[in-house]
Structure formats: structure tokens, C-alpha cells
Amino acid sequence: MCLAIPMQIESIDGFTARCQAKGVWRDVSLFMMQDAPPAVGDFVMVHVGYAIQKIAEADARTTWELLDQILEESGA
Amino acid sequence: MSESRVWLDKIHAFEFNRPIKIMNVCGGHERSITHAGMRGALPQWLELVPGPGCPVCVCPEEDVYQAIQLALQDKVILVAFGDMLRVPVNVKKGEVRSLAEAQAAGADIRPIASPLDARKIAQENPDRPVVFFAAGFETTTAPTAAMLAEGIPDNLSILLSGRLTWPAVAMLLDSGSPGFDALVAPGHVSTVMGPEEWSFVIDRHEIPAAVAGFGTESLLASFYSVLRQLKTGERFLDNCYREVAHPGGNPTGRRLLDHTLDIVDANWRGIGIIPSSGYALKPAFAKHDAHLLFPDHTDPGRRRAGEMPPGCDCAQVVLGKIYPNQCRIYGKACTPRNPVGPCMVSDEGACRIWWAGGVRVAADA
């Protein structure tokens, strides 16, 4: 349940960010990022609809590869 | 040579003349370990023990029972993370034993993926009470606190079963027989709360610890770190997930938790009360506290109330006392298709992870 997925911010409206990860779009809350507000283009770790931390692009891409592997193998 | 190979070689270069057990307390860690087949690639003397890393597994049986009754008797719209729907309670044959069965019986129960979904459903149904049954560790409870702090509709209340991870580890360490020599601390709990939450493992118990992420490299690096600490005798809280778990964690998230929730003694299913291990809504949010708003349907006289299901060793699995396939019913009466215990229900449960990872045979007794 503590799984978090990196997403890239495409636009921001108040505390809501339109985010994208590998062709999937979601509205993500930035309410937990008030001490370090991210900007459009930044990557954030998203957990249950909330951004919980910024992440560098290279680390985001590594994490996407890792998640692909896990999801592929756990297709049970 | 890949980075993983380098870490594996460094780990294999250690020599220990006794079994070393490293505990993880995160379903995500256990999933990465199992799916990467790490156990088979590590030295014989090294054991990786899944510990208390599944909030669904320890969610009090009474809370699940209460959620079912709220949906059935009080006709609320009950929303919960999907993992909770198949968790069984202990009732007589023929009675409704899970939220999924209550849903099949006509109750309005909706799986959600985010607290934001709960708020949206409440906004779309202003004339009906909506209850968000919220189980989870710190990582998941912080977003629930955020939703509460931002403001929620009057018709939305929260049946909160949030738990803190570290007190379960503290309980194991204080017991005198923790069952592990070193700890891999959870990456996303540390992202929100700060890695420092785990300093007590070193400061009070002199047990090596390292925060890890979810990739093979990060996990292997954390294993190497704690093994090196065991070898050299030098103890420190290492952080092998620096790209995401920063010192101090997420200050907004921590402030929102402090603002909305109190920390209370709390029940863990099949384990009992662990001091200061649970979250409860602060009095200022009482009008959104489902524990206060609705009748208490939990009958403490109910047979096996609060316990794991009969025959199920989930509590021992959660505490890392036995491996999943050492449970009496693993792979026999209990499979993902027909789960008996919550550890076989939840994606974070060690039993389900091991089954998905191909462990289909019970261990020899």
C-alpha cells in the first residue's frame, strides 16, 4: 500500500497538478508539498493521489523500469 | 558488471559463522525481494525475514466488522482501499464475513485508490453519509490527514485504522527475542516521516539499520550496509534511498499529521495493543470521526473477536516469527483464490507475495 509512482507535472492549478507517467494522466494533489512546491516539468513521487516528494528525472526513469518489471512478473 | 552484481559480490565476500537475519517491515520491500529472487542469490547464512509491513494484515478485526455493519445496517456508502474488501472477519457460517460479501448482499461499498476519491464520492452524494475506512501506515495516513486538513464535506467521515510502523519494531526489540540481527527500514514511510524515525534501532538497541528503496540495487546496498555494520561493530543509520527519503521527511506531511491526528495506543489484529502505535482524529475533527458518529456494532462477546481467523498463523507471519510457508494452512486451505487470513488477501501480505513469487509448497514442519 506504500507503493509510490513517479509522475511528471504538466500543469498546476492551485493544489491540483495534472501529471503524466508513461502515457497515463492523473490529477494529483500537491497539498503535501507546501514546504517545497514543485514546478511544471518536475517529477514527483505519487502515493494514493498525493505527491509526497520530488525526484530527479533520472531516478524517476529508473523507478518506472523497476515498476514495469515487478508488474510484469506479478501478473498473477 | 552491473551494480547489483557488485553488491552481491561484496555481500558474498563476508563470512559469518552463524545465520544472520535481516528483517524488512514493508510489503513493497518484500515484493521486490521475492520477485527478483534475491534469496536464491544471497549466501546461505543470510536470511531475509518479512516483518510487520502490511497495514491491511494488522487492521483490527473489530474495525473491519464495524465497517461491514456500517454498510449493512446504517446504509452508509462505505469506501475503502481495494485491499480491504476481501479481508475476512470471524463470524458464524452463513453470516457476512467481508466487505466484498456485504457488497454482494447489496451494501453500497466502493473500492477507492485515493482519499481524493472518498471526497469526490461524498461531494457527488450530498444526501448520504459516506464513510472512508482508512487503514494504512504513515505513508498512507498522511494523505488522509492532508484531505482532512484541506477540508471535507459534512457528510464524509473517517473510520481510521492508521498505524505507525516503528512501534511494532520497538515492541519486537523490547521483547528480548526480536528474531533479527539487522533492519531494513521502509523507504516511503521514511520519505514522509524522515529516516530519523528509525534512529532508535541503533541508539537504544545497537541493531544495524539502513533505509532502502524498492530497486534491487538499493535493497542490496542496504543489506551490505547492515552486514558491514555487524562486521565492524560500527553502528549508524544508513540511507540507501537518498534520492527520495530526505532528512526530516516531508515537513508538510508531518505537520498535517500533527494538526489533525493524535497518536494513541492501538490494537493490532492477532497481536494485541501496541503502545502509541495508532492514529485517531483529534477532537477538533470529531464531526468527521466515524468511530463517534455511528453506533458501535462491535460486540466484544463475539466469538474470536479481534483474532486472526481460526487455523491462520498470520500474526506469527506478521511478526516475522515464521515464514509464510510455515503457516499450518499455507497453500492448503489458504490460497489467493480462497484466502483465509489477511496476509493472503493483501498485495502487501507476505503470504500473497510468496505465493505470487512461486512458493507453492508448505515448508516441512
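Protein sequence lines, in the order shown, are assigned to chains A and B.
Under the working numbering, the first residue of the first sequence is numbered 1, with each subsequent residue one higher.
Under the working numbering, the first residue of the second sequence is numbered 1001, with each subsequent residue one higher.
We put the CB at the ideal spot given by N, CA and C, even for glycine.
Fair warning: this is a prediction, and the values are worked out from it, not measured in the lab.
Spatial neighbours of residue i within its chain, please: CB distance less than 7 Å, with the 5 preceding and 5 following residues excluded, ordered by chain position.
| i | result |
| --- | --- |
| B/D1093 | It should be pointed out that residue 1093 of chain B corresponds to Lys in this sequence rather than to Asp. Closer than 7 Å at Cβ, skipping near neighbours: no residue. |
| B/N1267 | P1060, I1273, G1306 |
| B/I1322 | D1313, Q1316 |
| A/I55 | P6, F43, V44, M45 |
| B/R1086 | S1098, A1100, P1339, V1345 |
So, using beta-carbon positions, are residue i and residue j closer together than 9 Å?
| i | j | result |
| --- | --- | --- |
| B/L1220 | B/A1145 | no |
| B/H1205 | B/A1245 | no |
| B/H1291 | B/Q1073 | no |
| B/P1050 | B/G1320 | yes |
| B/E1348 | B/C1059 | no |
| B/T1191 | A/Q69 | no |
| B/P1186 | B/H1035 | no |
| B/A1080 | B/P1129 | no |
| B/I1022 | B/L1183 | yes |
| B/C1351 | B/T1165 | no |
| B/L1116 | B/H1288 | no |
| B/A1122 | B/L1156 | yes |
| B/C1054 | B/P1336 | no |
| B/L1048 | B/N1024 | yes |
Among the options, which has the Cα closest to the Cα of residue i?
| i | options | result |
| --- | --- | --- |
| A/Q20 | A/D13, A/P6, A/M32 | A/P6 |
| A/D59 | A/M33, A/P38, A/M45 | A/M45 |
| B/G1249 | B/K1231, B/I1022, B/G1194 | B/G1194 |
| B/V1131 | B/F1137, B/S1161, B/E1138, B/T1139 | B/S1161 |
| B/S1163 | B/G1176, B/T1139, B/A1286 | The identity of residue 1163 of chain B in the sequence shown is Arg, whereas the question assumes Ser. Checking every option, the nearest Cα to that of B/R1163 belongs to B/T1139. |
| B/S1384 | B/T1034, B/T1216, B/R1235 | One cannot answer for residue 1384 of chain B here, as it falls past the ends of chain B, which runs 1001 to 1365. |
| B/V1318 | B/W1045, B/F1223, B/P1052 | B/P1052 |
| B/F1014 | B/N1024, B/G1301, B/Y1224, B/P1167 | B/Y1224 |
| B/A1363 | B/C1334, B/C1343, B/C1327 | B/C1327 |
| B/N1125 | B/P1310, B/L1078, B/S1175, B/A1168 | B/L1078 |
| B/P1309 | B/G1358, B/P1088, B/V1076, B/E1047 | B/P1088 |
| B/S1199 | B/G1176, B/R1228, B/S1175, B/P1247 | B/P1247 |
| B/L1293 | B/S1218, B/R1269, B/L1281, B/A1333 | B/L1281 |
| B/M1084 | B/G1136, B/A1105, B/D1127, B/E1150 | B/G1136 |
If you draw a straight line from the C-alpha of residue i to the C-alpha of residue j, how long is it?
| i | j | result |
| --- | --- | --- |
| B/K1010 | B/I1271 | 38 Å |
| B/P1178 | B/L1172 | 5 Å |
| A/I9 | B/M1038 | 34 Å |
| B/V1340 | B/N1090 | 10 Å |
| B/A1041 | B/A1118 | 43 Å |
| A/G23 | A/A17 | 16 Å |
| A/R61 | A/G49 | 19 Å |
| B/A1356 | B/S1098 | 22 Å |
| B/R1242 | A/S29 | 23 Å |
| A/G41 | B/K1231 | 44 Å |
| A/A76 | B/N1325 | In this predicted model, A/A76 has a pLDDT of only 40, less than 50, meaning its place in the structure is not dependable enough to derive any value. |
| B/P1208 | B/D1181 | 8 Å |
| B/G1082 | B/I1109 | 10 Å |
| B/S1004 | B/S1032 | 13 Å |
| A/T63 | A/E57 | 10 Å |
| B/P1283 | B/T1252 | 21 Å |
| A/E65 | A/Q34 | 29 Å |
| B/A1212 | B/P1295 | 42 Å |
| B/H1259 | B/R1304 | 36 Å |
| B/P1153 | B/R1360 | 47 Å |
| A/P38 | B/I1202 | 34 Å |
| B/D1265 | B/A1210 | 27 Å |
| B/P1275 | B/A1170 | 10 Å |
| B/G1278 | B/E1197 | 15 Å |
| B/I1285 | B/E1095 | Here residue 1285 of chain B is Phe; the residue named in the question, Ile, does not match the sequence. Taking the straight line joining both Cα atoms gives about 34 Å. |
| B/K1120 | B/N1017 | 57 Å |
| B/A1102 | B/L1237 | 45 Å |
| B/C1240 | B/G1311 | 39 Å |
| A/L71 | B/G1301 | 43 Å |
Apart from the five residues just before and just after residue i, which ones in its own chain have a Cβ nearer than 6 Å to its Cβ?
| i | result |
| --- | --- |
| B/L1257 | A1142, A1145 |
| B/A1107 | A1071, L1072 |
| B/V1006 | none |
| A/D51 | Reading the sequence as shown, one finds Ala at residue 51 of chain A and not Asp. Once the five neighbours on either side are set aside, the close Cβ partners of A/A51 are V28, L30, M33, V44. |
| B/P1043 | H1012 |
Spatial neighbours of residue i within its chain, please: CB distance less than 8 Å, with the 5 preceding and 5 following residues excluded, ordered by chain position.
| i | result |
| --- | --- |
| B/L1159 | D1063, Q1066, A1067, L1070, V1131, F1132, F1133, A1134, A1290, H1291 |
Interfacial residues, the segment 34-51 of chain A to chain B, with Cβ spacing under 9 Å: Going along the segment 34-51 of chain A in chain order, one finds Q34, D35, A36, M45, H47, V48, G49, Y50 with a Cβ nearer than 9 Å to chain B.
Interface residues of the segment 1222-1245 of chain B facing chain A [CB-CB below 9 Å]: E1243, V1244, A1245
Under 7 Å (Cβ pairs) to chain A, residues found in the segment 1107-1131 of chain B: A1113, S1114, P1115, L1116
Near-chain A residues of the segment 1183-1212 of chain B (beta-carbon distance less than 9 Å), N- to C-terminal order: Within the segment 1183-1212 of chain B, the qualifying residues are P1186, G1187, H1188, V1189, T1191, V1192.
Interfacial residues, the segment 56-69 of chain A to chain B, with Cβ spacing under 8 Å: A56, D59, T62, T63, L66, Q69
Near-chain B residues of the segment 2-22 of chain A - C-beta to any C-beta below 8 Å: Cβ contacts with chain B: C2, L3, A4, F15.
Members of the segment 1249-1278 of chain B near chain A, C-beta cut-off 9 Å: G1249, N1250, P1251, T1252, G1253, R1255, L1256
Proximal residues, the segment 1145-1169 of chain B versus chain A, C-beta separation under 7 Å: Hits within the stretch, in order: A1146, E1150.
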